[in-house]
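J.: In terms of the numbering used here, the sequence shown has 30 at position 24, counting the first letter as 1, and numbering is strictly consecutive.
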Amino acid sequence: GSNDLTNSTGVSCWLQYWSPIVQQFTNTYNRIIWEPINEPVMTNNTDVASLSNAYQQWINQARGLGDTHWIVVQNLCSSNCGFSNLAD
């Protein structure tokens, strides 16, 4: 899991890391499903907004590069969840 997407510095680094990877495969192999972050470790309501924002930036970047592959967007509770009510 990762909690690196809780601030703009971490998100910027993450986006910079992924950009050349997405560019390399944009018009090649068509059976890719991107999973930009696996099992995010974020456990509160503020993290929901942070993770959603980071994912949207990643999606915008990938689509802006011309990529049309599917993308897996994991929620906060994929591996560990601090919510007592999972509807939160």
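Where is the CB? At the ideal position from N, CA and C, for every residue including glycine.
As the structure is a prediction and not an experimental result, all values here were calculated from the model.
Check Ile43 in the structure and name its three-state DSSP category.
T.: coil
J.: DSSP puts Ile77 in a beta bridge; with which residues?
T.: Trp40
J.: Measuring CA to CA, which of Trp20, Asn13 and Thr12 is closest to Glu41?
T.: Trp20
J.: Evaluate Ile43 with the Cβ neighbour count: other Cβ atoms within 10 Å of its Cβ, from every protein chain shown; 16 or more gives buried, anything less gives exposed.
T.: buried
J.: Which of helix, strand or coil does DSSP assign to Tyr61?
T.: helix
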